[in-house]
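S.K.: Just dropping this structure here.
There are 2 protein chains.
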Amino acid sequence: MKVLKGACIIGQSGGPSSVINASAYGAIRTALDSDVITKVYGAAHGIKGVLDDVLYDMSAEDAEELALLKNTPSSALGSCRYKLKDPDVDDTDYKRILEIFKKYDVRYFFYNGGNDSMDTCNKISKFMLKNGYECRVMGIPKTIDNDLFGTDHCPGYSSAAKYIATTAMEIYLDARVYDTGMVTVLEIMGRHAGWLTAASAIATHYGMGPDLIYLPEVPFDLEKFYADVERIYKANGKCIVAVSEGIADADGKLMVEKFAEGANVARDSFGHAQLGGIGVTLANNIKERLGCKTRGIEFSLMQRCAAHSASATDVEESFLAGKTAVECAVNGITDKMVGFKCNRENGYTCETELLDLSEVANTEKKIPREWINEEGNGLNKEFVDYALPLIAGEAHPPYVNGLPRFAKLKKVVAK
Amino acid sequence: MKVLKGACIIGQSGGPSSVINASAYGAIRTALDSDVITKVYGAAHGIKGVLDDVLYDMSAEDAEELALLKNTPSSALGSCRYKLKDPDVDDTDYKRILEIFKKYDVRYFFYNGGNDSMDTCNKISKFMLKNGYECRVMGIPKTIDNDLFGTDHCPGYSSAAKYIATTAMEIYLDARVYDTGMVTVLEIMGRHAGWLTAASAIATHYGMGPDLIYLPEVPFDLEKFYADVERIYKANGKCIVAVSEGIADADGKLMVEKFAEGANVARDSFGHAQLGGIGVTLANNIKERLGCKTRGIEFSLMQRCAAHSASATDVEESFLAGKTAVECAVNGITDKMVGFKCNRENGYTCETELLDLSEVANTEKKIPREWINEEGNGLNKEFVDYALPLIAGEAHPPYVNGLPRFAKLKKVVAK
């Protein structure tokens, strides 16, 4: 194995999570401690920071403050949703990246994100290879959506799942306080994959969760939905429903778009619809049909940034993913994403494994149909068995005067 | 002091909180351990359980399970929003309550709730006295709104404040992830008093909170609001705003009603408007005016039931309030509410004190104008100094397999 001396860049991309900083810390700390990596840079707002030549000198940070990243939510270095063009069509960005890599003698690039970020990694890696610039590129997975292909689960998912299950339990208790009828609709993130919404089933498994759960994996039938809710409401006087923001009908049309027929739905730079509001919309419609009190509750940003309720398993695994990416790159590996291979037979074990970037990029992993009940309105035990070990342990951040002590980085821009 | 032997009833009323069960536990445990109190009943759904003759035998509960009430959110016995009539107009309910008290030899009545509950206590106490039935009635305060008169603060407020400040910090970090413009509007509970919304100022005090905070105490001027947001957004590219659901214009008209002009606003049995949606409405309007990305986030039920993030100070004080109510009643006191008298001069101290029910009932405590900044869009240091000790300490519930272990009572109905 050839020792490749040089600097490294660590970047964060896509929507943040409670633990993306734990991965960044795993990578930064390991890189700072390495004999081979000469300088550690953090890219300001992901690949945009590379293109704009805004890199932070991570060695200028206080070691104790850096360590707080393990429990600090959101992306401390800043994130972006910038999508690199196909280099065969327009290689301007790639040439610029190469220029910056040469300027700072960058020989290692670590990118922490979801599907799109793995695609970015893959394209950069191929371009560098084609242009004869030696550089090792590693992807560090992150997405609360848990839809990355090839890995047992994604860092970030477990903490979001823990928040969702915990909050579903608390709302279950709250929604039962009065002896009057009540239907509650929880709206949970997830455009195409229902992993986050499914996490509410863990609360149901504990006897304090939603009665009905609807995921994007199963075509949503509005009349069937109303009938399901009415049946449970009439039997119990209460009904709690969890729906993914991305539930869609048999033609794949989003329910939120169906309700907003004719209205413009905002889209981000990837063309993803900016969803929201289906929970409240369904709650209002149930109110009209059943004449009972209803409440739509959106878990909104809280589900992805509630570091105060993070899973200890997630924090440790996220740190490990970042650390492993750096260790592997230093040992000669490139063009891979660090994934997790888990065993749930006799207790839970989780090991890292390396996946081809090209394999991971732009492939979405959905919940297997057999983990969803036949009616398509709940989860089977297979899902709960899968998810339970992921939410194990509490990674409470350090508290000062009653509030979490989150990291505040100096962000010294490298010259 | 005359020793009054007999049974007691403990009831919970009004909207629940993260710690109302801690108060109930304080009262139940103390009553169960008392030599004077012969039997301990929990009223199913507050005063409705008394009227309907549905009382739970608390001695039938497992002691360890009961102890879990300290960290279990919502009202374990069930709550109600039933308002007793003026006994001079219609004393049917009071006669029925007397009948039930006689049936079970009830000599102690503990009622845990907000303004309306203290009013209920007061009316029952007066009726029993007038009818020569010896019975000691004590109010145990509870309201996340913190608007009870005469007490430094209310059990339940501190945990809600801790959740709001913590979540505001986490959202602050999340909302800064991209380098694109963003205005976030947080909608927080509070019809007439802004205590809950003000709690977000603690996050601002830590450098990670809302830029602007609007309370019901200050008349809301929509044009001034837009100008405030625009100024901060243009300077920073980001702006986080916290608004009380109950913000109203100079004529006292609710902003949510102004926006919904002509539409019917649902009201509960006390005539309170069922609010909601002002955060999203303001966010949508800012989007139109400034052309930037906006997000309205409602803290919804989470702010009152997030026991996983409760204040240890709150849990202990709530327990103390319930315990003190029973101890005082056994010692001959009646017709009082347990309040808190606090000192913040050299560290924080909190002692219980007894307040007249008639004084407390139906008087709302608002934030002093001098604790709000002159512009009416933020809080002064006086508020932060007041609130900081209340959120001190973390009362994490016990966890099993990654989720809180909340109490599950048997609820054996007394015969």
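Residue numbers (the numbering used here), protein chains in the order written: chain Z, 1 to 415; chain P, 1001 to 1415.
Cβ atoms here follow ideal geometry from the backbone N, Cα and C, with glycine treated the same way.
Everything numeric in this text was worked out from a predicted model, so none of it was measured.
1. Distance cutoff 8 Å, beta carbons only. Does Asp1179/P sit that close to anything in chain Z?
2. When we look at the beta-carbon of Thr1349/P and count the other beta-carbons within 10 Å, is it buried (16 or more) or exposed?
3. Rounded to whole angstroms, what's the CA-CA distance from Val417/Z to Ile144/Z? Just pull it up for me.
4. Would you mind giving the Cβ-Cβ distance between Asn1131/P and Pro1398/P, rounded to the nearest angstrom? I have them listed as a contact below 8 Å.
5. Using 8 Å as the threshold, is the C-beta distance between Val1106/P and Ala1007/P below it?
6. Measure the alpha-carbon distance for Leu290/Z versus Val326/Z and round it to whole angstroms.
7. Would Asn1346/P be called buried (16 or more neighbouring beta carbons within 10 Å of its own) or exposed?
8. Using 8 Å as the threshold, is the stretch 1361 to 1379 of chain P in touch with the stretch 1181 to 1198 of chain P, meaning 3 or more CB pairs across them?
9. Are any of the Cβ atoms in chain Z nearer than 8 Å to that of Asp1174/P?
10. Of all Cβ atoms in chain P, is any one closer than 8 Å to the Cβ of Ser311/Z?
11. Less than 7 Å between C-beta atoms, sequence neighbours within five positions excluded: which residues of the same chain meet that for Ala1076/P?
12. So who's on the other strand from Tyr141/Z, going by DSSP bridges?
13. Note down the Cα distance separating Glu1170/P from Glu1230/P, rounded to an integer number of angstroms.
14. Alpha carbon to alpha carbon, how far is Ala250/Z from Val218/Z? Give it in angstroms, no decimals.
15. Looking at the structure shown, is Gln1274/P part of a helix, part of a strand, or coil, going by DSSP?
16. Could you work out which residues of chain P lie near Phe406/Z, taking near to mean beta carbons separated by less than 9 Å?
17. Please say whether Ile1100/P and Asp1053/P have beta carbons closer to each other than 8 Å?
18. Quick one: does Glu345/Z have its CB under 8 Å from some CB of chain P?
19. Any beta carbon of chain Z sitting closer than 8 Å to that of Asn1264/P?
20. Note down the Cα distance separating Phe1110/P from Ser1125/P, rounded to an integer number of angstroms.
21. Let me see if you follow: with CB-CB separation under 8 Å, is Asn71/Z close to chain P or not?
22. Verify the contact flag: Cys305/Z, CB atom, against every heavy atom of the ligand GDP, threshold strictly below 7 Å.
23. Could you tell me whether the stretch 1201 to 1217 of chain P touches the stretch 1238 to 1252 of chain P, where touching means 3 or more Cβ pairs closer than 8 Å?
24. If you draw a straight line from the C-alpha of Gly1181/P to the C-alpha of Cys1239/P, how long is it?
25. Residues in its own chain within less than 7 Å of Leu1388/P by CB, not counting five upstream and five downstream?
26. Can you pull the chain P neighbours of Ala401/Z, defined as C-beta to C-beta under 7 Å?
27. Nearest by alpha-carbon distance to Thr1298/P: which of Val280/Z, His308/Z, Lys48/Z, Glu353/Z is it?
28. According to DSSP, Thr1184/P sits in a beta bridge with which residue or residues?
29. Between which two residues does the alpha helix (DSSP H) carrying Ser249/Z extend?
30. Tell me where the alpha helix (DSSP H) around Thr167/Z begins and ends.
31. Which runs of the beta strand (DSSP E) fall wholly inside the stretch 1007 to 1057 of chain P and span at least 3 residues, in chain order?
32. Met1302/P touches chain Z at which residues, Cβ-Cβ below 8 Å?
33. Can you pull the DSSP bridge partners for Val1400/P?
34. Below 8 Å on C-beta distance, what does Pro1087/P contact in chain Z?
35. With which residues is Val106/Z paired in a DSSP beta bridge?
36. Could you compute how far the alpha carbon of Leu1186/P sits from the alpha carbon of Pro1087/P?
M.R.: The short version:
1. As a first step, residue 1179/P is located in the second sequence; it is residue number 179 there, counting from the start. Asp1179/P counts as touching chain Z.
2. Position 349 of the second sequence, counted from the start, is the residue given in the question as residue 1349/P. In this structure Thr1349/P is exposed. Its beta-carbon is surrounded by fewer than 16 other beta-carbon atoms within 10 angstroms.
3. As shown, chain Z starts at 1 and ends at 415. That puts residue 417/Z outside it, with no answer to give.
4. Position 131 of the second sequence, counted from the start, is the residue given in the question as residue 1131/P. Position 398 of the second sequence, counted from the start, is the residue given in the question as residue 1398/P. The pair is not a contact, with the Cβ atoms about 45 Å apart (cut-off 8 Å).
5. Here residue 1106/P refers to the residue found at position 106 when the second sequence is read from its first residue. Here residue 1007/P refers to the residue found at position 7 when the second sequence is read from its first residue. A contact, by the Cβ cut-off of 8 Å.
6. The count along the first sequence starts at 1 and reaches residue 290/Z at position 290. The count along the first sequence starts at 1 and reaches residue 326/Z at position 326. Each residue's CA atom was taken as its position, placing Leu290/Z and Val326/Z some 57 Å apart.
7. Counted from its first residue, the second sequence places residue 1346/P at position 346. Exposed is the call here.
8. In this structure the stretch 1361 to 1379 of chain P touches the stretch 1181 to 1198 of chain P; the number of beta carbon pairs closer than 8 Å is three or more.
9. As a first step, residue 1174/P must be located in the second sequence, where it is residue number 174. Yes, because at least one Cβ of chain Z sits closer than 8 Å to the Cβ of Asp1174/P.
10. Locating residue 311/Z in the first sequence gives position 311, where the first residue counts as 1. Yes, contact with chain P.
11. As a first step, residue 1076/P must be located in the second sequence, where it is residue number 76. Residues Asn1021, Ala1024, Leu1069, Ala1407, Leu1409 of the same chain have their beta carbon placed closer than 7 Å to that of Ala1076/P, with the five preceding and five following residues left out of the count.
12. Translated into the one-based positions of the first sequence, residue 141/Z becomes position 141. With the sequence shown as reference, residue 141/Z is identified as Pro, and Tyr is not the correct amino acid for it. According to the DSSP secondary-structure assignment, Pro141/Z is paired through a beta bridge with Gly113/Z.
13. Here residue 1170/P corresponds to residue number 170 of the second sequence, with the count starting at 1. Here residue 1230/P corresponds to residue number 230 of the second sequence, with the count starting at 1. Taking the straight line from one Cα to the other gives about 23 Å.
14. Taking the first sequence and counting its residues from 1, one reaches residue 218/Z at position 218. Taking the first sequence and counting its residues from 1, one reaches residue 250/Z at position 250. If you draw a straight line from the Cα of Val218/Z to the Cα of Ala250/Z, it comes to about 8 Å.
15. By one-based count along the second sequence, residue 1274/P stands at place 274. Because Gln1274/P sits at a pLDDT of 40, beneath the cut-off of 50, its placement in the model cannot be relied upon, and the following sentence gives the value as read from the coordinates. In the structure shown, Gln1274/P adopts coil according to DSSP, grouped into three states.
16. By 1-based counting over the first sequence, the position of residue 406/Z is 406. Correct list: Met1169, Glu1170, Leu1173, Tyr1206, Met1208.
17. Position 53 of the second sequence, counting from 1, holds the residue named residue 1053/P. Position 100 of the second sequence, counting from 1, holds the residue named residue 1100/P. Contact flag set, yes.
18. Numbered from 1 along the first sequence, position 345 holds the residue referred to as residue 345/Z. False, the Cβ-Cβ gap to chain P never drops below 8 Å.
19. As a position in the second sequence, residue 1264/P is number 264, starting the count at 1. Since pLDDT at Asn1264/P reaches only 48, below the 50 mark, its modelled position is unreliable, and the value read off the structure follows with that caveat. Chain Z places no beta carbon closer than 8 Å to that of Asn1264/P, leaving this residue out of the contacts.
20. Locating residue 1110/P in the second sequence gives position 110, where the first residue counts as 1. Locating residue 1125/P in the second sequence gives position 125, where the first residue counts as 1. If you take the alpha carbons of Phe1110/P and Ser1125/P, they lie about 11 Å apart.
21. Here residue 71/Z corresponds to residue number 71 of the first sequence, with the count starting at 1. No, because no Cβ of chain P sits closer than 8 Å to the Cβ of Asn71/Z.
22. No copy of the ligand GDP appears in this structure; indeed no ligand is present at all.
23. By the Cβ test, the stretch 1201 to 1217 of chain P is in contact with the stretch 1238 to 1252 of chain P, since at least three Cβ pairs between them sit closer than 8 Å.
24. Translated into the one-based positions of the second sequence, residue 1181/P becomes position 181. Translated into the one-based positions of the second sequence, residue 1239/P becomes position 239. Note on geometry: alpha-carbon atoms of Gly1181/P and Cys1239/P lie some 9 Å from one another.
25. By 1-based counting over the second sequence, the position of residue 1388/P is 388. The answer, listed in chain order, is Ile1202.
26. For this step, residue 401/Z is matched to residue 401 along the first sequence. One point to set straight first is that residue 401/Z is Asn, not Ala, in the sequence displayed. Near Asn401/Z (Cβ distances below 7 Å), the residues of chain P are Leu1388, Ala1392.
27. Indexing the second sequence from 1 puts residue 1298/P at position 298. It should be pointed out that residue 1298/P corresponds to Glu in this sequence rather than to Thr. Ranking Val280/Z, His308/Z, Lys48/Z, Glu353/Z by Cα distance to Glu1298/P puts Val280/Z first.
28. Numbered from 1 along the second sequence, position 184 holds the residue referred to as residue 1184/P. Ile1240/P, Arg1295/P.
29. Position 249 of the first sequence, counted from the first residue, corresponds to residue 249/Z. Before going on, a small fix: residue 249/Z reads as Asp here, not Ser. Boundaries cannot be given for Asp249/Z, as no alpha helix (DSSP H) includes it and DSSP labels it neither H nor E.
30. Counting from 1 along the first sequence, the entry for residue 167/Z is found at position 167. Per DSSP, Thr167/Z is one residue of the alpha helix (DSSP H) stretching across 157 to 174.
31. The stretch 1007 to 1057 of chain P contains these whole beta strand (DSSP E) runs: 1037 to 1043, 1055 to 1057.
32. Within the second sequence, residue 1302/P is the residue found at index 302, counting from 1. Thr167, Glu170, Ile171, Ile297, Met302, listed in chain order.
33. Start at 1 with the first residue of the second sequence, and residue 1400/P comes out as number 400. Listed as beta-bridge partners of Val1400/P by DSSP are Leu1403/P.
34. Here residue 1087/P refers to the residue found at position 87 when the second sequence is read from its first residue. In chain order: nothing, as chain Z lies at least about 24 Å away.
35. Position 106 of the first sequence holds residue 106/Z. Val106/Z is bridged by DSSP to Ala7/Z.
36. As a first step, residue 1186/P is located in the second sequence; it is residue number 186 there, counting from the start. As a first step, residue 1087/P is located in the second sequence; it is residue number 87 there, counting from the start. Just so you know, the alpha carbons of Leu1186/P and Pro1087/P end up roughly 42 Å apart.
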